Every structure is written in structure tokens, then in C-alpha cells.
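I have placed the structure first, in the form of C-alpha cells, so that the comments after it can refer back to it.
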Amino acid sequence: MDKMQACGVVMSDLITPPVDHRPTYIDEDDLSTPEHAALGGELLEKLNMQQRSAADDILQTVASGHVARHFFVDGPGGSGKTFLYTALYHALLGQRKTAICVAWTGIAANLLPRGRTASSTFKLNIHDGGRSSTMKRESMEARVLRDVSVIFWDEISMVPKWTLEAVDLLLKDIMQNEIPFGGKLMIVGGDFRQVLPVVEKGRQEDLENACVKKSPLWQHFVTYHLSSNMRAAPDSGDWARLLLEIGEGRYQEDENGCIELPNSFYSTGDLISDVFGEVITVDDITELAEKAILAPKNMDVAQMSDLALQRMPEHLELRVYKSIDEAQHADPEDALNYQIEHLNKMTPSGMPPHELRLKKGCIVMLLRNLDVTKGLCNGTRLIVDECGQHVLGCR
């Protein structure tokens with residue numbers, strides 16, 4: 001130090017002092033606190049009576065500073081759960097509270113304010129199916145969670161109970177207390193009429209037992225129901241009511257537990273023509289991107305995609321991309337048991353087909369979470385603008 005002073009050098013000029021670095025989804029925001037308050041107030045004014053009842057109780061709980069209960073917002077698709085989360089999020093940030101939004105899937109997280117997947121936020125261990133967290137108590141991510149007051153968690157109906165319990169243990173460890181969820185206010189939402197937790201080779205009772213409702217933690221949640229479909233068009237009321245009846249088990253079933261849909265719901269001819277039209281042109285691709293044909297099996301999806309591709313203009317070049325498949329094995333002799341032709345025919349979930357057939361202007365879907373903050377997540381649909389030799393240009 002004496003030599004440095006003799007040379008006229010100051011230590012602070014050479015070393016940048018440490019800063020409390022926190023992820024951008026917590027610190028950096030486009031809105032100031034007053035702007036959050038104004039936006040939150042504006043959105044709260046637009047809530048319907050059911051949404052307002054839940055919002056008032058949640059805001060009152062936050063204002064009390066004592067988390068005696070947590071909240072579950074139940075509602076079918078289109079009932080305004082995401083709108084409620086957004087209104088509360090901005091209202092709380094306008095009160096200088098800290099809140100984060102997570103969801104079970106990337107596509108749902110993208111709809112939430114600064115949303116992230118639960119897996120990345122809580123560092124869930126993928127090797128044990130989310131039964132534990134790999135986050136360390138003194139890590140940067142843990143320091144962020146320590147400062148958080150409220151956690152919004154969408155799609156809770158898809159979350160296995162052991163994952164909710166793992167997050168509970170994580171937050172208790174971070175906060176060094178035994179209060180449920182470490183004293184953080186949990187606002188969760190979902191629809192148990194839709195997709196339940198995935199249990200490999202599980203039966204119906206296995207799926208039901210995996211739900212968070214079967215966890216001892218569920219006793220700490222109070223339920224608010226949203227029933228008004230805010231998303232359905234005025235002429236879609238019958239469809240929304242039918243979905244609700246099926247989801248709640250009120251729709252008539254036969255002796256085998258099957259239901260019969262009204263004849264008006266069936267395609268009258270060519271399904272692709274009914275949905276996309278006789279000819280699929282690039283000029284209409286933005287409008288067509290709002291339409292989709294859903295199927296339970298990848299085999300049916302691939303068949304529909306090929307047929308739709310044939311409807312695109314013939315002058316557009318068809319590009320075929322082939323995968324390079326190989327089996328990883330410890331014993332070289334095992335290679336004889338895994339023929340390349342057999343590997344090429346396999347279509348595991350979450351993987352593209354061996355032959356990916358594309359044209360400029362066609363619609364593709366991401367199968368990985370690349371950047372949730374920019375909307376590039378599993379399930380995001382994109383339009384192909386360029387077909388390079390090894391890279392696709394999409395928007």
C-alpha cells in the first residue's frame with residue numbers, strides 16, 4: 001500500500017467495489033413506482049366483482065404485514081386470472097413491495113409481468129422430478145427470494161404436490177424460519193378441470209394424488225372462484241358453457257364414461273380446408289397463425305402438418321432438414337442392437353421428427369425455453385422467414 005501511495009495510485013481506482021447484483025427481472029423495470037401505482041389503480045378499476053373480491057382481500061393481507069393465509073384463484077381459461085395477477089402485481093409494486101411471477105410452463109410465464117418458469121426461479125432439480133431445489137441459501141438467487149414479499153404462481157394445477165413442498169422447504173431454509181413458505185405470500189392460480197400433473201405411466205388416482213390439493217400445505221390456501229369468461233366472444237357462450245360442464249363432470253356420459261359432442265362441432269369435410277382454407281398463401285400467414293389444429297398424438301400432428309404444407313404455393317422451395325441420430329452405449333457391441341434406421345423412426349416427446357419439412361412462410365413451434373423474457377419458450381409459435389442450410393430465420 002505504501003508503494004502504491006508513493007506512486008500516486010489509489011486502490012479504489014484499480015478495483016471496482018462489489019455491487020449487489022440481482023437478476024434483471026427484479027431490478028430493471030421500465031416503470032417507476034408512481035407509474036406502477038397508476039397502472040395498478042387503472043387495472044384494478046377494470047376488475048369484475050369476483051376479481052375485485054379476491055384483489056381486496058389480497059391487498060388487505062399485504063397491508064396487514066401478517067401472512068395468515070395464502071390464496072388460490074380458481075377459474076377456467078378466459079376467466080381473467082392473468083389480468084388479476086397483472087393488476088395486483090403493478091398495484092403492489094406501486095406500494096414499493098417486491099413481487100415475482102412464475103408459471104409451470106414458459107408459454108404461460110410469458111403472459112405474466114416479467115414472468116419466469118418456476119423451474120428456473122426456484123432452481124428445481126430436474127433429476128428428481130422437482131422434488132428438491134439445487135439453490136444454495138447464500139446464492140444470488142436466494143438473496144432475491146429473501147427480499148420478495150409476494151409470489152404469483154400460475155398453472156398451479158399442473159404442479160406436483162412434491163414440487164410445492166420443495167418450494168416450501170426452500171423458502172423456509174432461505175428465511176430461516178418454520179412459517180409456511182417462509183412467510184412469503186403465495187398467490188396461486190389454475191384450473192383443475194384442465195391438465196393435471198404428469199405422472200409417468202400413472203393411473204387416474206395417481207394423477208389425483210399428485211395434485212397440490214393432496215398436499216398438507218393446501219390447508220393454508222383460501223379459494224376464490226372466477227366464473228365469468230372474459231375471453232370468449234359474444235357468440236361463443238355455448239362453447240364456453242360446454243367446456244365448463246365437461247370440466248366439472250356435469251355433462252352427460254354414457255356407461256363407458258364417454259361423452260357425445262353436438263354434431264355442430266364436427267368438421268363437415270376436409271379439416272384443413274375448414275380451418276385454413278383451400279389454399280394457404282404467405283400473404284395470409286399472420287391471420288393463419290391465429291389458427292391451429294390440435295391432436296393428442298405426434299403422429300397425427302405430423303400428418304396434418306404435411307397436408308397443410310402441400311396447400312402452400314408450389315413455387316416456394318421445400319427444404320428438408322434431417323437429424324443425425326446415434327445411440328450412446330458403453331459396449332461397442334451394443335451398436336448392433338440400435339440400427340440408425342430404427343432411431344430415425346423414433347418420435348420421442350419434445351423432439352422434432354427425423355425429417356423436418358419446411359417452406360418459407362410456414363408456422364413452426366419452439367420445443368425449448370430459449371429466452372422466456374423475450375417470448376421464446378416451449379410452445380411459442382413462429383413464422384419461418386428464411387430457410388438457411390443449418391439455421392432458420394423466424395419471427
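Residue numbering for the sequence shown follows full-length UniProt numbering, starting at 1 and increasing by one per position.
Glycine included, C-beta positions come from ideal geometry on N, C-alpha and C.
Keep in mind that this is a model prediction, so the values were computed, not measured.
Under the three-state reduction of DSSP, which class applies to residue i: helix, strand or coil?
i: residue 348; result: coil
i: residue 158; result: helix
i: residue 324; result: coil
i: residue 390; result: coil
i: residue 152; result: strand
i: residue 277; result: coil
i: residue 365; result: strand
i: residue 193; result: coil
i: residue 342; result: helix
i: residue 312; result: coil
i: residue 46; result: coil
i: residue 36; result: helix
i: residue 250; result: coil
i: residue 30; result: coil
i: residue 41; result: helix
i: residue 295; result: coil
i: residue 176; result: coil
i: residue 262; result: coil
i: residue 67; result: coil
i: residue 78; result: coil
i: residue 270; result: coil
i: residue 305; result: helix
Span of the alpha helix (DSSP H) holding residue i?
i: residue 223; result: No alpha helix (DSSP H) holds residue 223; the beta strand (DSSP E) holding it covers 221–225.
i: residue 83; result: 81–94
i: residue 288; result: 285–288
Buried or exposed for residue i, going by 16 or more other Cβ atoms inside 10 Å?
i: residue 219; result: exposed
i: residue 88; result: buried
i: residue 55; result: buried
i: residue 264; result: exposed
i: residue 396; result: No information on residue 396 is available, as it lies outside the stretch 1 to 395 that the chain covers here.
i: residue 369; result: buried
i: residue 346; result: exposed
i: residue 227; result: exposed
i: residue 20; result: With a pLDDT of only 41 at residue 20, under the threshold of 50, the placement of this residue in the model should not be trusted, and no figure is reported.
i: residue 126; result: exposed
i: residue 403; result: No answer is possible for residue 403: it lies beyond the span of the chain, which begins at 1 and ends at 395.
i: residue 201; result: exposed
i: residue 115; result: buried
i: residue 179; result: exposed
Which two residues bound the contiguous beta strand (DSSP E) that contains residue i?
i: residue 189; result: 185–190
i: residue 74; result: 70–74
In the DSSP assignment, what are the bridge partners of residue i?
i: residue 199; result: Residue 199 is not bridged to any residue.
i: residue 356; result: 321
i: residue 100; result: 151
i: residue 371; result: 376
i: residue 384; result: 394
i: residue 124; result: 133
i: residue 117; result: 103
i: residue 211; result: 160
Here's a check: name, in chain order, each residue in its chain whose Cβ is nearer than 7 Å to the Cβ of residue i, leaving out the five neighbours to either side.
i: residue 32; result: none
i: residue 383; result: 285, 289, 361, 363, 394 and 395
i: residue 355; result: 320 and 322
i: residue 215; result: 161, 164 and 165
i: residue 23; result: Note that residue 23 scores a pLDDT of 42, beneath 50, so its modelled location is shaky; the value from the coordinates is reported in the next line. Closer than 7 Å at the Cβ level, and outside the excluded window around residue 23, lie 144.
i: residue 281; result: 313
i: residue 344; result: 325 and 354
i: residue 170; result: 122, 133 and 135
Counting only the same chain and skipping the five closest in sequence on each side, list residues whose C-beta sits under 6 Å from that of residue i.
i: residue 3; result: At residue 3 the pLDDT is 49, less than 50, meaning the model places this residue with poor confidence and gives no usable figure here.
i: residue 252; result: none
i: residue 350; result: 367
i: residue 298; result: 347
If you drop the 5 nearest sequence neighbours on each side, which residues of the same chain put their C-beta closer than 8 Å to that of residue i?
i: residue 267; result: 274
i: residue 41; result: 91 and 94
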